[in-house]
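Asker:
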Amino acid sequence: MKHRLFSGRAAALFAAFMMLLLAGCSDRPSPINPAAPVAEEQFKLILLSIGIMLIVCTVVFVLFFIVLVRFREKPGEVKIPKQVEGNHKLEITWTVIPILLLLILAVPTVALTFALDENHSDVEGTLNVQVVAHQFWWEFNYHDLGVYTAQELVVPENTRVQFTLDSADVIHSFWVPGIGGKMDTNPGITNHMYLDMPAVQPDPDKNIYVGKCAEYCGEGHALMDFKVKVVTQDEFNAWVDSMRQPVQVSEAAQRGEELFAANCISCHAINGEQPSPSGPNLKGYANRDLVGGFRPNETQWVKEWIRSPKDVKPGATMPAFNLSEEELDALVQYLFELR
Amino acid sequence: MAHSHATHATHANTKKNYTGIMDWITTVDHKKIGILYFGAGLFFFLLAGVEALLLRIQLMFPMNDFVSAQTFNELFTMHGTTMLFLAALPLFYGYMNYIIPLQIGARDVAFPFLNALGLWTFIFGGILLNLSWFLGGAPDGGWTGYPTLSTFNTAHQGMDFYSIGLQIAGIGTLVGAINFLVTIINMRAPGMSFMRLPLFTWATFITSALILFAFTALAIDLIFMTFDRLFSARFFDVAYGGNPILWQHIFWIFGHPEVYILILPAFGIMSEVIPTFSRKRLFGYSSMVFALALIGFLGFMVWAHHMFTVGMGAFANALFAIATMLIAVPTGIKVFNWLLTMWGGSIRFTTASLFAISFVPTFVMGGVTGVMLASAPADYQYHDTYFVVAHFHYVIVGGSVFGIFAALFYWWPKMFGKMLNETLGKWFFWIFSIGFHLTFFVQHFLGLDGMPRRVYTYLPGQGWDLSNLVSSIGAYMMGIGVILLLINVVYTIRKGPDAPADPWDGRTMEWTVSSPSPLYNFKQTPLVRGLDAFWKEKMDGNKGMTPAEPLQPIHMPNGSILPFLMSLGLFIAGFGFIYKDYDFNNALMNGLFNNYIVIYAGLLMLFGSMATRCLIDDPGYYIQPEELKEEEA
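Taken in order, these protein sequences are the chains called A and B.
This note's numbering puts the first residue of the first sequence at 16, with every later residue one more than the last.
This note's numbering puts the first residue of the second sequence at 10, with every later residue one more than the last.
(1) Examine the Cβ distances between the region 328–336 of chain A and the region 218–236 of chain A and report whether three or more of them are shorter than 8 angstroms.
(2) Quick check: is the beta carbon of B/M374 nearer than 9 angstroms to any beta carbon in chain A?
(3) Can you list, in chain order, the residues of the region 334–367 of chain B whose Cβ is nearer than 8 angstroms to any Cβ on chain A?
(4) Among residues of its own chain, excluding the 5 on either side of B/W436, which ones have a beta-carbon nearer than 7 angstroms to its beta-carbon?
(5) Round the Cβ separation of B/M87 and B/S172 to the nearest angstrom and send it over; I've been treating them as touching at under 8 angstroms.
(6) Could you name the residues of the same chain whose beta carbon sits closer than 7 angstroms to that of A/A214, not counting the 5 residues immediately before and after it, in chain order?
(7) Going by DSSP, what residues sit across from A/W152 in a beta bridge?
(8) Under a Cβ-count criterion, where at least 16 other Cβ atoms within 10 Å of its own Cβ denotes burial, should B/T210 be classed as buried or exposed?
(9) Which bits of chain A does B/R288 rub up against, with CB to CB less than 7 angstroms?
(10) Comparing the C-beta of B/I8 with each C-beta of chain A, is any distance below 9 angstroms?
(11) In terms of alpha-carbon separation, which member of B/T466, B/L579 and B/Y631 lies closest to B/F70?
(12) Cβ atoms of B/G305 and B/P266: under 9 angstroms apart, would you say?
(13) Can you give me the C-alpha to C-alpha distance between B/A610 and B/F133, rounded to a whole angstrom?
(14) Using a Cβ-Cβ distance under 9 angstroms, would B/I331 count as near chain A?
(15) If you follow the beta strand (DSSP E) that B/G411 is in, where does it begin and where does it stop?
(16) Any C-beta of chain A sitting closer than 9 angstroms to the C-beta of B/F203?
(17) Flag this pair as touching only if the region 425–435 of chain B and the region 371–383 of chain B have three or more C-beta atom pairs under 8 angstroms; answer yes or no.
(18) Identify the contact partners of B/T318 in chain A, using a Cβ-Cβ distance below 7 angstroms as the criterion.
(19) For A/M258 and A/K298, what's the separation of their Cα atoms in angstroms?
(20) Anything in the region 76–95 of chain B with a Cβ closer than 8 angstroms to a Cβ of chain A? List those residues in chain order, please.
(21) Cβ closer than 7 angstroms: which chain A residues qualify as neighbours of B/V464?
(22) What is the C-beta distance between B/L468 and A/F275, in whole angstroms, given that I count them as a contact (C-beta under 8 angstroms)?
(23) Within 8 angstroms, do at least three Cβ pairs link the region 184–201 of chain B to the region 138–149 of chain B?
(24) Is it true that the CB of B/T225 sits closer than 9 angstroms to the CB of B/F189?
(25) Can you give the Cα-Cα distance for A/N378 and A/N143, rounded to whole angstroms?
(26) Identify which residue in B/D393, B/V397, B/A365 and B/F368 has its Cα closest to the Cα of B/V380.
(27) Let me see if you follow: with CB-CB separation under 9 angstroms, is A/Y349 close to chain B or not?
(28) Could you pull the DSSP bridge partners for A/M198 from this structure?
(29) For B/G264, decide whether its Cβ has a neighbour in chain A, counting only Cβ atoms nearer than 9 angstroms.
(30) To the nearest angstrom, how far is it from the Cα of B/N106 to the Cα of A/L60?
(31) Looking only at C-alpha atoms, which of B/D627, B/Q633, B/P634 and B/V311 sits nearest to B/K25?
(32) Give a yes or no on whether 9 angstroms exceeds the smallest Cβ distance from B/M234 to chain A.
(33) 9 angstroms is my cut-off, CB to CB: does A/Q216 come that close to chain B?
(34) Within a Cβ cutoff of 8 angstroms, which residues of the same chain sit near B/T555, ignoring the five residues on either side of it in sequence?
(35) Mind the definition here: the region 442–459 of chain B touches the region 484–493 of chain B only if three or more C-beta pairs lie below 8 angstroms; say whether that holds.
(36) Which one of A/V317, A/L353, A/P49 and A/P96 has the shortest CA to CA distance from A/A268?
In structure tokens form, the structure reads like this:
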């Protein structure tokens with residue numbers, strides 16, 4: 016139906032524009048490559064608005080080029096054009112038509128605004144997660160399950176997650192582009208937002224979604240990433256169970272454990288059933304993909320991080336630790352056994 | 010006020026003569042003040058442009074380490090702050106100061122002394138803000154300065170320079186706006202009714218009204234910030250019952266009208282340049298005026314669309330979404346009126362008209378993305394991404410800056426008496442506009458692909474590398490374009506041909522006086538007989554305006570150093586406030602600053618100058634008709 020509204024030229028332009036749009040993008044989930052229901056609804060609205068705006072642009076551009084070609088001053092000609100005051104019919108036309116176009120956009124806008132604002136926390140099957148944003152990392156608290164973690168949000172597939180959004184310091188903004196729009200985390204004022212999680216994909220890489228801080232929050236803002244891991248319901252239950260188990264490490268990690276107790280435990284909890292004192296909870300750290308939110312979780316980077324967090328991630332609030340190479344190795348071994 | 014009543018002649022004082030730099034520092038002449046605004050605005054424009062180029066070097070490649078994160082944050086904060094407060098608006102103020110009295114047939118603005126005060130507070134505020142680069146680091150909270158990021162770090166003085174520097178510069182902006190309002194209401198020549206005002210004058214009038222209400226809101230917000238940072242107030246601290254969102258509401262109540270403050274003068278310029286170079290009167294004059302007023306009014310009703318993700322709830326978001334979309338209607342009216350002005354015209358392509366004409370499509374592109382952003386649920390995805398950056402640069406560069414450049418080529422002959430080189434001008438136009446589209450068009454897609462704004466770097470492998478490189482190359486093309494403009498300006502000043510009074514076959518009254526305009530503007534106040542007053546006279550076969558009064562003595566104000574001293578006092582006191590608790594490791598400096606001696610010295614200078622102004626009357630002087638006749642001969 017919609018295609019009939021377009022002239023041939025406009026349709027061609029629209030197709031070219033959409034191709035350009037998609038050419039620049041990988042298959043990575045993003046606002047225009049949505050992977051989950053909320054982002055899909057928002058994408059539909061984006062497409063509708065692009066469509067309406069392309070109609071407007073086409074009309075203006077076509078008129079513009081006609082004017083430029085037809086009414087340029089001919090060489091040698093000095094004519095005084097007719098001084099036209101205005102034209103009521105035309106002026107009413109270009110007042111009314113934009114209003115109609117805007118109505119087409121306004122109705123779904125209002126509908127979706129109200130739909131996305133609903134709070135589903137008491138609905139059966141909804142998973143409630145509290146997000147606490149810190150400079151420059153993310154804390155995820157599953158209060159209903161008594162589980163506390165950081166940096167990696169583990170969620171069961173096809174589930175509605177109702178987020179409670181808080182901040183520990185300045186304003187941040189919680190955003191998973193492929194799954195849905197963002198919402199600010201304001202210090203002292205709690206926000207609510209829900210997102211629907213996608214289904215698990217056969218390709219394991221595709222079950223990990225990049226999350227970002229979208230509100231400028233200081234030096235480390237650019238690197239304040241986190242991950243959303245979508246797993247099956249069974250895997251999720253197993254993960255919750257594992258988070259409730261106390262940490263057990265091998266003989267070889269004893270030295271690291273002592274170092275951790277001496278240097279790290281005052282900030283980092285290693286108990287998944289308790290909120291961490293001030294740094295990210297490190298229970299299950301060995302299973303994380305990244306250190307500092309963006310570097311691969313490998314020995315070299317972990318050591319670099321402990322030696323001088325600010326050099327890896329500007330503005331990081333963790334102090335630098337002056338440990339010997341041997342101590343660092345021991346500590347990393349211990350960290351890599353935190354399952 | 011520039012009265013011309015002969016009866017006052019006997020009370021006149023003698024003329025005070027200043028020369029050289031003292032002439033510029035003491036001037037109260039609207040034309041010199043206009044040129045100073047223009048020069049200072051251009052300086053800050055270049056400064057903020059260099060900052061932008063440094064930002065684009067950093068973002069040229071993923072994980073680039075050209076500047077540190079902190080430096081990057083200072084650079085983008087100062088780029089935005091400088092461009093909006095110290096470059097775009099002062100450049101417009103330059104044109105307004107020079108052109109508005111000429112367009113309405115006045116000899117000066119209503120308050121020449123106040124005009125000078127506005128200029129100097131703006132300049133000293135701008136200098137104070139930018140000195141932060143050399144004094145421990147520039148502001149780093151973004152041009153929007155959101156607390157609590159902007160208030161919690163009192164060890165770094167950057168945001169103190171922001172709050173106090175902008176406060177001082179803001180006085181200048183407010184004073185200027187009040188002056189324009191009074192001037193346009195009271196000082197129109199006989200016959201210049203409101204519905205005969207040139208569109209640039211209308212745009213100035215409405216812009217000034219917006220400034221009057223918007224900048225007061227900003228002043229309040231800045232006072233809150235200053236008190237939070239310097240006097241341990243807790244306006245934005247939740248722990249003490251404050252609220253960080255308070256800042257955002259007040260800031261955007263200022264900030265959204267600020268966007269229209271930057272675009273309405275450009276609309277006015279377009280409505281002057283397009284008719285002139287189409288040789289056709291503006292299509293739909295009254296609907297253009299009505300649209301300007303409506304945009305100005307609606308501009309105050311939409312501030313919260315900058316805050317859709319703050320968590321205001323569905324009702325507020327839906328309401329502000331609809332209100333924002335409504336603004337597209339008057340804006341659309343303007344765009345079609347410009348197109349229809351050109352329709353049937355005889356379009357000449359000069360550099361000024363190229364900028365004005367290409368403003369139409371670029372501004373439409375910025376406008377339609379604005380409507381897209383107005384759709385609140387879609388904005389949850391766009392918000393704080395490069396899509397927003399692309400949108401507002403299309404509006405501000407493609408709108409305001411194109412307007413500034415169109416006006417630069419259009420009014421340069423009037424302001425400086427020389428014709429800018431058209432060949433260099435056209436090269437400048439093409440390189441600058443191609444660079445502009447290269448820089449910002451790709452940023453739409455970066456944003457849609459999920460790249461947040463205000464990031465000092467980005468990781469490779471996200472598909473953003475090429476677009477960022479293209480964007481940086483485009484930025485350098487814009488830089489090259491601006492260098493061509495500077496070459497043009499230097500060349501013109503040294504070798505350019507003298508400008509006639511009416512080089513473009515103009516329609517409004519600024520083209521009836523010589524280029525540059527004489528000190529008193531009009532020997533005899535002109536009589537306005539219709540819209541496009543000068544064009545009407547030309548069509549009726551007259552060479553100039555019909556005088557509305559006999560040749561008689563012209564009352565002129567004397568120059569004064571006091572506005573400069575008052576602003577300098579504020580500047581010194583500002584420093585005193587910023588460093589009142591600072592430890593210099595130096596007994597003398599600590600003694601001066603920590604005992605508030607610097608604050609008192611600055612304030613004494615301010616109030617002392619004010620007292621001098623109040624107690625010592627300077628009634629100005631008269632130019633006698635004999636002198637005017639001599640000049641003619």
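Every residue gets a Cβ at the ideal spot worked out from N, C-alpha and C, and that includes glycine.
All values reported here derive from a predicted model rather than from experimental measurement.
Answerer: Straight from the coordinates:
(1) As far as the Cβ criterion goes, the region 328–336 of chain A touches the region 218–236 of chain A, which means the pair count is three or higher.
(2) By one-based count along the second sequence, residue 374 of chain B stands at place 365. It does: the Cβ of B/M374 has a partner Cβ on chain A nearer than 9 angstroms.
(3) Answer set for the region 334–367 of chain B: M334, L335, A337, V338, G341, I342, V344, F345, N346, L348, L349, M351, W352, G353, G354, S355, I356, R357, F358 and I366.
(4) As a working mapping, residue 436 of chain B is identified with position 427 in the second sequence. Here the set comprises L493.
(5) Taking the first residue of the second sequence as position 1, residue 87 of chain B is located at position 78. Taking the first residue of the second sequence as position 1, residue 172 of chain B is located at position 163. About 14 angstroms separates the two Cβ atoms, so there is no contact after all.
(6) Along the first sequence, read from residue 1 onward, the residue named residue 214 of chain A stands at position 199. Excluding positions up to five away in sequence, the list reads E172 and N173.
(7) One-based indexing of the first sequence puts residue 152 of chain A at position 137. A/W152 pairs with A/H149.
(8) Walking along the second sequence from the start, residue 210 of chain B turns up at place 201. By the 10 Å Cβ count, B/T210 comes out buried.
(9) Counting from one through the second sequence, the residue named residue 288 of chain B turns up at place 279. Correct list: I95 and P96.
(10) Given a span of 10 to 642 for chain B in the structure shown, any question on residue 8 of chain B remains unanswerable.
(11) Along the second sequence, read from residue 1 onward, the residue named residue 70 of chain B stands at position 61. Check the Cα spacing between B/F70 and each of B/T466, B/L579 and B/Y631: the tightest is with B/T466.
(12) Here residue 266 of chain B refers to the residue found at position 257 when the second sequence is read from its first residue. Here residue 305 of chain B refers to the residue found at position 296 when the second sequence is read from its first residue. Taking 9 angstroms as the Cβ cut-off, B/P266 and B/G305 qualify as a contacting pair.
(13) On the second sequence, position 601 is the one that residue 610 of chain B refers to. On the second sequence, position 124 is the one that residue 133 of chain B refers to. Straight-line Cα distance between these residues: approximately 16 angstroms.
(14) As a position in the second sequence, residue 331 of chain B is number 322, starting the count at 1. Chain A contact via Cβ: present.
(15) As a position in the second sequence, residue 411 of chain B is number 402, starting the count at 1. The displayed chain sequence assigns Phe, not Gly, to residue 411 of chain B. Where B/F411 is concerned, there is no enclosing beta strand (DSSP E), although the alpha helix (DSSP H) it sits in stretches over F411 to F425.
(16) In the second sequence, the residue the question calls residue 203 of chain B occupies position 194. No, no contact with chain A.
(17) Below 8 angstroms, too few C-beta pairs join the region 425–435 of chain B and the region 371–383 of chain B to call them touching: fewer than three.
(18) One-based indexing of the second sequence puts residue 318 of chain B at position 309. Chain-ordered, the chain A residues with CB closer than 7 angstroms to the CB of B/T318 read S188, K197, M198 and D199.
(19) Here the question's residue 258 of chain A lines up with position 243 in the first sequence. Here the question's residue 298 of chain A lines up with position 283 in the first sequence. If you take the alpha carbons of A/M258 and A/K298, they lie about 7 angstroms apart.
(20) S77, A78, Q79 and N82: these are the residues of the region 76–95 of chain B whose beta carbon lies less than 8 angstroms from some beta carbon of chain A, given in chain order.
(21) One-based indexing of the second sequence puts residue 464 of chain B at position 455. The contacting residues are H236 and A237.
(22) Stepping through the second sequence from its first residue, residue 468 of chain B is reached at position 459. Stepping through the first sequence from its first residue, residue 275 of chain A is reached at position 260. That pair is no contact at about 29 angstroms.
(23) Touching, no, given that fewer than three Cβ pairs across the two stretches are closer than 8 angstroms.
(24) If you number the second sequence from 1, residue 189 of chain B lands on position 180. If you number the second sequence from 1, residue 225 of chain B lands on position 216. No, they are not a contact pair.
(25) Residue numbering for chain A in the displayed model covers 16 to 354; residue 378 of chain A lies beyond these limits and cannot be assessed.
(26) Here residue 380 of chain B is taken as the residue at index 371 of the second sequence, counted from 1. Check the Cα spacing between B/V380 and each of B/D393, B/V397, B/A365 and B/F368: the tightest is with B/V397.
(27) Here residue 349 of chain A refers to the residue found at position 334 when the first sequence is read from its first residue. No, A/Y349 does not count as interfacial toward chain B.
(28) Here residue 198 of chain A is taken as the residue at index 183 of the first sequence, counted from 1. A/M198 is bridged to A/F189.
(29) The residue you call residue 264 of chain B lines up with position 255 of the second sequence. Chain A contact via Cβ: absent.
(30) Here residue 106 of chain B refers to the residue found at position 97 of the second sequence. Here residue 60 of chain A refers to the residue found at position 45 of the first sequence. Roughly 45 angstroms between the two C-alpha positions.
(31) Residue 25 of chain B sits at position 16 when you count from the first residue of the second sequence. The shortest Cα separation from B/K25 among B/D627, B/Q633, B/P634 and B/V311 belongs to B/D627.
(32) Reading the second sequence from its first residue, position 225 is the one you call residue 234 of chain B. Chain A, which has no Cβ nearer than 9 angstroms to the Cβ of B/M234, makes this no.
(33) Stepping through the first sequence from its first residue, residue 216 of chain A is reached at position 201. So no, A/Q216 is outside the interface.
(34) Sequence index remark: in the second sequence, residue 555 of chain B carries index 546 (1-based). Its chain contains P535, L536, R538 and E546 as the residues whose beta carbon lies nearer than 8 angstroms to that of B/T555, once the 5 sequence neighbours on both sides are disregarded; these appear in chain order.
(35) In the pairwise beta carbon analysis, the region 442–459 of chain B is classified as touching the region 484–493 of chain B: at least three pairs are separated by under 8 angstroms.
(36) Here residue 268 of chain A corresponds to residue number 253 of the first sequence, with the count starting at 1. Checked all of A/V317, A/L353, A/P49 and A/P96; the closest Cα to A/A268 is A/L353.
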